[in-house]
Amino acid sequence: MTDTIRYDRGADGIVTLTLDDPDQSANTMNRAYAASMSAVLDRLEAERDELTGVVVTSAKQTFFAGGDLDEMGRATRADAPALAELLGTIKRDLRRLETLGRPVVAAINGAALGGGLEIALACHHRIALDAPGSRIGLPEVTLGLLPGAGGVTRTVRMLGLAAALTTVLLTGRRMRPAEALAAGLVDEVVATDEEMLTRAREWIAANPHPAQPWDRPDYRMPGGTPASRGLAAQLPAYPANLRKQLKGARLPAPEAILATAVEGAQVDLETALTVETRHLITLLTGQIAKNMIGAFHVDLRAVNGGAARPSGVEAAAVRKVAVLGAGMMGAGIAYVCAKAGLDVVVRDVSEEAAGRAREHAGKLLARAVRRGRLGEADAQAVLARITTTAGLDALAGCDAVIEAVFEDPALKQAVFAEVAPVVAADALLASNTSTLPITGLAAQVARPADFIGMHFFSPVDKMPLLEIVVGEQTGDVALARAFDLGRRIGKTPIVVNDGRGFFTSRVIGRFIDEAVGMVAEGVPAASVEQAALQAGYPTGPLALADEVSLTLIQRIRRQFEAAGEGFVALPSHRLVDDMVDRHDRPGRAGGRGFYDYADGARGRLWSGLADLATEAGRAVPLPDLQERMLFAEALDALRCLDEGVLRTETDANIGSILGIGFPAWTGGVIRYVRQYAGGPAGFAARAADLAARYGDRFTPPADLAARLAAGSPARDGQPVGAA
Numbered sequence: 007m008t009d010t011i012r013y014d015r016g017a018d019g020i021v022t023l024t025l026d027d028p029d030q031s032a033n034t035m036n037r038a039y040a041a042s043m044s045a046v047l048d049r050l051e052a053e054r055d056e057l058t059g060v061v062v063t064s065a066k067q068t069f070f071a072g073g074d075l076d077e078m079g080r081a082t083r084a085d086a087p088a089l090a091e092l093l094g095t096i097k098r099d100l101r102r103l104e105t106l107g108r109p110v111v112a113a114i115n116g117a118a119l120g121g122g123l124e125i126a127l128a129c130h131h132r133i134a135l136d137a138p139g140s141r142i143g144l145p146e147v148t149l150g151l152l153p154g155a156g157g158v159t160r161t162v163r164m165l166g167l168a169a170a171l172t173t174v175l176l177t178g179r180r181m182r183p184a185e186a187l188a189a190g191l192v193d194e195v196v197a198t199d200e201e202m203l204t205r206a207r208e209w210i211a212a213n214p215h216p217a218q219p220w221d222r223p224d225y226r227m228p229g230g231t232p233a234s235r236g237l238a239a240q241l242p243a244y245p246a247n248l249r250k251q252l253k254g255a256r257l258p259a260p261e262a263i264l265a266t267a268v269e270g271a272q273v274d275l276e277t278a279l280t281v282e283t284r285h286l287i288t289l290l291t292g293q294i295a296k297n298m299i300g301a302f303h304v305d306l307r308a309v310n311g312g313a314a315r316p317s318g319v320e321a322a323a324v325r326k327v328a329v330l331g332a333g334m335m336g337a338g339i340a341y342v343c344a345k346a347g348l349d350v351v352v353r354d355v356s357e358e359a360a361g362r363a364r365e366h367a368g369k370l371l372a373r374a375v376r377r378g379r380l381g382e383a384d385a386q387a388v389l390a391r392i393t394t395t396a397g398l399d400a401l402a403g404c405d406a407v408i409e410a411v412f413e414d415p416a417l418k419q420a421v422f423a424e425v426a427p428v429v430a431a432d433a434l435l436a437s438n439t440s441t442l443p444i445t446g447l448a449a450q451v452a453r454p455a456d457f458i459g460m461h462f463f464s465p466v467d468k469m470p471l472l473e474i475v476v477g478e479q480t481g482d483v484a485l486a487r488a489f490d491l492g493r494r495i496g497k498t499p500i501v502v503n504d505g506r507g508f509f510t511s512r513v514i515g516r517f518i519d520e521a522v523g524m525v526a527e528g529v530p531a532a533s534v535e536q537a538a539l540q541a542g543y544p545t546g547p548l549a550l551a552d553e554v555s556l557t558l559i560q561r562i563r564r565q566f567e568a569a570g571e572g573f574v575a576l577p578s579h580r581l582v583d584d585m586v587d588r589h590d591r592p593g594r595a596g597g598r599g600f601y602d603y604a605d606g607a608r609g610r611l612w613s614g615l616a617d618l619a620t621e622a623g624r625a626v627p628l629p630d631l632q633e634r635m636l637f638a639e640a641l642d643a644l645r646c647l648d649e650g651v652l653r654t655e656t657d658a659n660i661g662s663i664l665g666i667g668f669p670a671w672t673g674g675v676i677r678y679v680r681q682y683a684g685g686p687a688g689f690a691a692r693a694a695d696l697a698a699r700y701g702d703r704f705t706p707p708a709d710l711a712a713r714l715a716a717g718s719p720a721r722d723g724q725p726v727g728a729a
């Protein structure tokens, strides 16, 4: 037995290699793995003449989790030689495995992502267990990396250049086993562990002398090599198409993947593996990969792991949820709760209105069945868990209430007053409000300690974030129950303190305000949209404003103004008022906003926008356009930390990316401040420059650099964690 791989040789001459790192809950491609695999290959080669074949499987719930992201996130340029040596060792051993001269089968008993799939690709045959939650793929691009243990090289040779890029490498898709089978990444999908191991042995017996396709004398790359006439004619369009897909955003990983694939397809396999290593090390030692690893590995692990959950509260599972309101948000919340196995009662003003929640769920389930993601029986079971009503009796026994009615404080308080006597006496009481202060809503509730904000994002079935909002009287039990419920339904829950707009709605409002303000100044609307996309935002701010609804933006702003809580008038306000009140352009739902719409489809930007500007055709440098939007959000996030709305930088980073589309390459809104050129001091200097040019709203905190270096206290007295 080696440190991380068990070596078991049966009487039939088949060796089972069981991946099982004793120091981790999941296997990773760390240095211990590399040493173990080298020792295993030494033994396999020494015993080769006595062997029939090899099965590679795992003792963990997952097959193999991938690379050691903690180590990768710390890599510097000084580490490049050591990284190259480690990658070289890993690749040489996988090459030794596939050229052993004996059949090697990967028995993939769970998720095989990144390095896990790369190990499987070095096997001659891949059998995947159709386990719940199992995913197969090469998601490195989503972390600012590329598959560096042979993933690019082998998928290109197995699938062809075009298919490997578009299906696997550039998408980073995490496929269900059936999808991986259709994509050609695995050869079989089975239902049980026993069947998986039996089929592995049967394949070994039937294929005593296998070879990888690329090791056969008659091998031809599917679709041709870059030297082939057909592919050579298409290749010049690849970089242009990629730039179009990225919309000019700062994402070096897709470009590196394209370069690795094209360069590697022109040389022998060993040279291609070296090309792969060179490009990976460039990414690993760059800032953007560190940002993305920091967000999607370090921060996400902390958030989902319960860093913000009160530690002294025992888990108490919610079993029956009341959803008040069957509109878009209520229907979405009902669906995700039912899909997670919870019984759901949806209440609205009429049976017909409440029934829309079941209709919505039915459409989503039918789509999942059509796409092979859910069986018909499972879909019907989910739908059966949703009950609709216009009355109160069906709410009896509900141990959680999630309100999702119109954004009106009196209406929200009224529906809670109606249901409180009917639901369980200790039921969690949650509002899905996106802007209204939770403390104010709780004022008329009999049990304010059980009252909390659970702000979902639209569409609920797709958006992963849940913003949990703690009011002044919210108790730890309510917070723990809301957190546990969020995790049960598959959400990533950040926890913030109360305040108008909380964190996400407040900060995304600054993004929209700044963009609309630039249009009001005379910057062409198309320039504003393109600047945002090139900065890495997934959607242009004007398109986003239309989706949110200009009438809603106007109403929220007027509520804020009426509340007298430090409201400051901005140029964007006048333009939104003109759009809504004078030109009847309420947004996408009304068929016209910043864009024109036909049958719900977005068309061109409205030609009349320039007439609403104070100065037509104003020229603003592209970096200023981009950083006015980025800094508007970052500075307000810093204010949220100062005011105690945000409890941690971790929540800020995850919330900004998953909830409001802050560019992923930054690693999150506060990490953007920390890693800006020159660090926080450089950020502060640039903010001061923007303030001098465009207004005091860009004035940075006077002690920004020192405060971030030391960590800053949040309002609840908890220290703000470093990014």
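First residue of the sequence shown? That's 7 in the numbering used here, and the numbers climb one at a time after it.
Backbone N, C-alpha and C fix where the C-beta goes; we use that ideal spot for every residue, glycine too.
Buried or exposed: where does residue i fall if 16 or more other Cβ atoms within 10 Å of its Cβ makes it buried?
{"i": "E320", "result": "exposed"}
{"i": "A729", "result": "In this prediction, A729 scores a pLDDT of 36, lower than 50, which makes its location untrustworthy; the coordinate-derived value is nonetheless stated afterwards. Burial call: buried."}
{"i": "S437", "result": "buried"}
{"i": "A410", "result": "buried"}
{"i": "G606", "result": "exposed"}
{"i": "R364", "result": "buried"}
{"i": "N247", "result": "exposed"}
{"i": "S511", "result": "buried"}
{"i": "H366", "result": "buried"}
{"i": "G73", "result": "buried"}
{"i": "G178", "result": "buried"}
{"i": "G723", "result": "The pLDDT assigned to G723 is 36, lower than 50, so where the model puts this residue is not dependable; a value taken from the coordinates is nonetheless given after this. By the neighbour-count rule (16 or more Cβ atoms within 10 Å), G723 is not buried but exposed."}
{"i": "G225", "result": "A small fix is needed here, since residue 225 is Tyr in this sequence, not Gly. Under this definition Y225 is an exposed residue."}
From the DSSP output, read off the bridge partner residues of residue i.
{"i": "L442", "result": "Per DSSP, none; premise fails for L442."}
{"i": "T22", "result": "D14 and V61"}
{"i": "R608", "result": "Y603"}
{"i": "G143", "result": "L119"}
{"i": "R598", "result": "G593 and D602"}
{"i": "M35", "result": "G73"}
{"i": "V407", "result": "A328 and L435"}
{"i": "V111", "result": "V61 and H131"}
{"i": "V679", "result": "Paired residue(s): none; V679 is not in a bridge."}
{"i": "A353", "result": "Strictly speaking, residue 353 in this sequence is Arg, with Ala absent from that position. DSSP, once it has assigned bridges, lists L330 and T395 as partnering R353."}
{"i": "V319", "result": "Bridge partners of V319: none, in fact."}
Where does the unbroken beta strand (DSSP E) through residue i begin, and where does it stop?
{"i": "N503", "result": "T498 to N503"}
{"i": "G59", "result": "G59 to S64"}
{"i": "I392", "result": "I392 to T395"}
{"i": "H131", "result": "H131 to L135"}
{"i": "G665", "result": "Segment E655 to I666 is the alpha helix (DSSP H) holding G665; no beta strand (DSSP E) there."}
{"i": "A332", "result": "Looking at the DSSP string, A332 is not in any beta strand (DSSP E), and its letter there is neither H nor E."}
{"i": "L472", "result": "L471 to V476"}
Between which two residues does the alpha helix (DSSP H) carrying residue i extend?
{"i": "F462", "result": "Looking at the DSSP string, F462 is not in any alpha helix (DSSP H); the run it does join, the beta strand (DSSP E), is F457 to F462."}
{"i": "T68", "result": "First-last for T68: undefined, no H or E at that position."}
{"i": "R634", "result": "L628 to E649"}
{"i": "E567", "result": "L556 to A569"}
{"i": "D695", "result": "G685 to Y700"}
{"i": "R284", "result": "L275 to L290"}
{"i": "L89", "result": "A86 to E104"}
{"i": "I514", "result": "T510 to E527"}
{"i": "E56", "result": "Looking at the DSSP string, E56 is not in any alpha helix (DSSP H), and its letter there is neither H nor E."}
{"i": "V421", "result": "P415 to V425"}
Less than 8 Å between the CB atoms is what I'm expecting for residue i and residue j, so what's the real figure, rounded?
{"i": "V428", "j": "L330", "result": "Contact flag wrong, Cβ pair sits at about 12 Å."}
{"i": "P219", "j": "R163", "result": "7 Å"}
{"i": "P441", "j": "K418", "result": "The question names Pro, but residue 441 is Thr in the sequence shown. With 8 Å as the limit, T441 and K418 do not qualify as a contact, their Cβ atoms being about 12 Å apart."}
{"i": "F457", "j": "R506", "result": "At roughly 17 Å, the Cβ-Cβ gap does not stay under 8 Å, so F457 and R506 are not in contact."}
Q) Counting Cβ pairs closer than 8 Å, one from the segment 125 to 139 and one from the segment 190 to 204, do we hit at least three? A) yes
Q. On the three-pair Cβ rule with 8 Å, is the segment 133 to 152 touching the segment 293 to 307?
A. yes
Q) Do three or more CB pairs link the segment 47 to 61 to the segment 105 to 114 at distances below 8 Å? A) yes
Q. Counting Cβ pairs, one atom from each stretch, are 3 or more of them under 8 Å apart for the segment 628 to 642 and the segment 548 to 562?
A. no
Q) On the three-pair Cβ rule with 8 Å, is the segment 677 to 685 touching the segment 478 to 496? A) no
Q) Are the segment 691 to 699 and the segment 659 to 668 touching, with three or more C-beta to C-beta distances below 8 Å? A) no
Q. Can we say the segment 572 to 583 touches the segment 509 to 528, given the rule of at least three CB pairs closer than 8 Å?
A. yes
Q: Could you say if the segment 384 to 399 and the segment 344 to 362 meet the contact criterion of at least three C-beta pairs nearer than 8 Å?
A: yes
Q. Touching or not, the segment 530 to 549 and the segment 253 to 261, by the rule of three or more beta carbon pairs under 8 Å?
A. yes
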